[in-house]
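Going down the list, the sequences are from chains A and B. Counting from 1337, one number per residue, gives the positions in the first sequence under this note's numbering. Counting from 1337, one number per residue, gives the positions in the second sequence under this note's numbering.
2 protein chains.
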Amino acid sequence: MQPLLQHMLCLDLYAANQAVHRVYKPLLAPLGLTYLQYLVMVGLWEKDPLSVSEIGARLGLESNTLTPMLKRMEAAGLITRRRDPGDERRVNISLTPEGDEMRAAAGEIQRCLMEATGRSEAELLRFQEDLRGLIGNVRRAADDG
Amino acid sequence: MQPLLQHMLCLDLYAANQAVHRVYKPLLAPLGLTYLQYLVMVGLWEKDPLSVSEIGARLGLESNTLTPMLKRMEAAGLITRRRDPGDERRVNISLTPEGDEMRAAAGEIQRCLMEATGRSEAELLRFQEDLRGLIGNVRRAADDG
DNA sequence: AGTCTTTAAATCGTGTACGATATAATCGTA
DNA sequence: TACGATTATATCGTACACGATTTAAAGACT
């Protein structure tokens, strides 16, 4: 009943993330974005503004991770951080014009990633559906304790 | 051609890792192990000793990540770090008796993880095979630049 | 209005990740 | 056998992650 690295699915999930990360990195470097920062940008290209916790809900992260990262993105001129006038607890994150313009590069980056997988769109959708089922189960197990 | 977070497979891979990590964490806490440290232990239960770079090959990591972590594990009394007498460049990592005894807890942890996925062994194997194909493709794409 | 609870960010400490570089041991070859 | 190239770790700086705690604003209820 000894676990073997060869058999451990978690190691493959870990490796898959590393691999995807390494494809993204050189594509994002010209934009001055890290992988996680790119995911924040994608969220903001969809809806702007977003509060810190709305971004957190999309990425599964909390303010302890997001606050420092968002400050770096603000310092880089990608976003602005402003207290919500209607609820001073919230901080609204918005794209700067420079951040918004990066949107133009996103389509090509997505195309590169799709191509890197070597799979058709239909195959990727099937795989994603399977993966999401797994995530749902594992999250339920984690919540049950 | 706008990417949407809803459609991004990379975000699901990211979420899958988070979810798996969160199942492992409470299981490993009684042993005083982090997730990554557990993966090192599994490697050493299979083969002992391993050099730093042999561990790195198994986990896709290099000395810049491993050296500090292995020092923490040494400080925790889980492993020993000794220069290889036959090649003084190499550092051999071995389990301490305490580290070796943790092996006993591993079977149950694996069982919990399998159960958390809510899938049969056959389903997991099929999924793993699919995932590994994807990883291979993505790695090739990253190496080609 | 005054107080209790809840909520949203921020802060702090520890532990990964990883590019770039440094150091020392070994190897290859003239 | 000397010496440039290669290999194995280590170090440094920056950027995530996340548990635990803090702070301040908003809501709820007397």
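Even for Gly, the Cβ is constructed at its ideal location relative to N, Cα and C.
Per-residue contacts from residue i into chain B (C-beta, under 8 Å)
| i | result |
| --- | --- |
| residue 1348 of chain A | 1464, 1467, 1468 and 1471 |
Own chain partners of residue i with C-beta closer than 6 Å, once the 5 adjacent residues on each side are dropped
| i | result |
| --- | --- |
| residue 1398 of chain B | 1392 |
| residue 1394 of chain A | 1379 |
| residue 1439 of chain A | 1381 |
| residue 1384 of chain A | 1430 and 1431 |
| residue 1445 of chain A | 1363 |
Per DSSP, the bridge partner or partners of residue i
| i | result |
| --- | --- |
| residue 1386 of chain B | B:1429 |
| residue 1416 of chain A | A:1430 |
| residue 1423 of chain A | A:1420 |
Interface residues of chain B facing residue i [CB-CB closer than 7 Å]
| i | result |
| --- | --- |
| residue 1435 of chain A | Ordered by position in chain B, no residue passes the 7 Å Cβ test against residue 1435 of chain A, which lies about 14 Å from the chain. |
C-beta neighbour in chain B for residue i, strict 8 Å
| i | result |
| --- | --- |
| residue 1454 of chain A | yes |
| residue 1404 of chain A | no |
| residue 1491 of chain A | Any question about residue 1491 of chain A goes unanswered here, given that chain A covers just 1337 to 1481. |
| residue 1477 of chain A | yes |
Beta carbon proximity, residue i to chain A, threshold 8 Å
| i | result |
| --- | --- |
| residue 1392 of chain B | no |
| residue 1337 of chain B | yes |
| residue 1354 of chain B | yes |
| residue 1460 of chain B | yes |
| residue 1382 of chain B | yes |
Exposure label - residue i; buried when at least 16 CB within 10 Å
| i | result |
| --- | --- |
| residue 1400 of chain A | exposed |
| residue 1324 of chain B | This structure leaves residue 1324 of chain B out entirely; chain B is present only between 1337 and 1481. |
| residue 1366 of chain B | exposed |
| residue 1435 of chain B | buried |
Contacts around residue i, its chain only, beta-carbon distance under 8 Å, and the 5 residues preceding and following it disregarded
| i | result |
| --- | --- |
| residue 1387 of chain B | 1420, 1426, 1427, 1428 and 1429 |
| residue 1448 of chain B | 1359 and 1363 |
Proximal chain A residues relative to residue i, where beta-carbon distance stays under 9 Å
| i | result |
| --- | --- |
| residue 1379 of chain B | 1341 |
| residue 1386 of chain B | The premise fails here: residue 1386 of chain B is roughly 11 Å from chain A at the closest Cβ pair, so nothing lies under 9 Å. |
Within chain A, the residues that residue i reaches when beta carbons sit closer than 7 Å
| i | result |
| --- | --- |
| residue 1398 of chain B | Within chain A, no residue comes near residue 1398 of chain B; the closest Cβ sits about 12 Å away, beyond 7 Å. |
Neighbour list for residue i in chain B, Cβ cutoff strictly below 9 Å
| i | result |
| --- | --- |
| residue 1443 of chain A | 1337, 1338 and 1339 |
| residue 1373 of chain A | Going along chain B, no residue has its Cβ under 9 Å from residue 1373 of chain A, so there is no contact; the nearest lies around 13 Å. |
Contact set for residue i: own chain, Cβ-Cβ below 7 Å, skip 5 residues either direction
| i | result |
| --- | --- |
| residue 1369 of chain A | 1377 |
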